[in-house]
Amino acid sequence: MRRWLVVALIGAIWTGQAFAYSDEQMDVMSHIGQAIAATRICSRVKVSDSAAAIMLTAYEVKLDDPVVAGVVKSKIEEAVAAWAGKSEDLACAAVLMLYGPAGSNVPNLLLPKE
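Going by the numbering used here, the residue at position 56 of the sequence shown is 109; the numbering climbs one at a time, nothing skipped.
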């Protein structure tokens, strides 16, 4: 019984910490993770440092926060795994539709490599 209470307390603390973020901040974490993943599945794009910095600053999301880093990392892993074994051309088209110059999620978060 005592062990169960300790586990429940730790779980409550951990989940409480995650819920301290707004929906908008969680969206930023997701978009950053997906954009980073895009650079791993499509060698022709790069993350726009300025667009990422503006988004992170505007929503007060700190990449050095361990919870933020964990969410971003999980989004990267999830996206990379989903695209494993698929065509790079298809992946590039998909990520540019979401994050490229006319992206439907965050326009200009991804830029073509020069």
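Where a beta carbon is used, it is the ideal one built from N, C-alpha and C, also for glycine.
**Request:** Let me know the secondary structure DSSP gives K128 once reduced to three states.
**Result:** K128 falls in the helix class under three-state DSSP.
**Message:** Taking its Cβ as the centre, do 16 or more other Cβ atoms sit within 10 Å of G153, making it buried, or is it exposed?
**Reply:** With 16 or more other CB atoms across the displayed protein chains lying within 10 angstroms of its CB, G153 is buried.
**Prompt:** By Cβ distance below 6 Å, which residues in the same chain neighbour Q78 in space, the five residues on each side in sequence not counted?
**Reply:** Around Q78: Y112, V114.
**Asked** How is the beta strand (DSSP E) around L164 delimited, first residue to last?
**Response** 163-165 is the extent of the beta strand (DSSP E) around L164.
**Request:** Consult DSSP for V159 and reduce its assignment to one of helix, strand or coil.
**Result:** In this structure, DSSP gives V159 a state outside helix and strand, which the three-state scheme calls coil.
**Min CB distance A135 to chain B below 8 Å** = In the structure shown, chain B does not exist; there is a single protein chain.
**Item:** Simplified DSSP assignment, three categories, for V100
**Value:** Residue state, collapsed to three classes: strand.
**Request:** Output the boundary residues of the alpha helix (DSSP H) element that contains Y74.
**Result:** Premise fails: Y74 is in no alpha helix (DSSP H) and is neither H nor E.
**Request:** Within 10 angstroms of the Cβ of A88, are there 16 or more other Cβ atoms? Answer buried if so, exposed if not.
**Result:** Buried.
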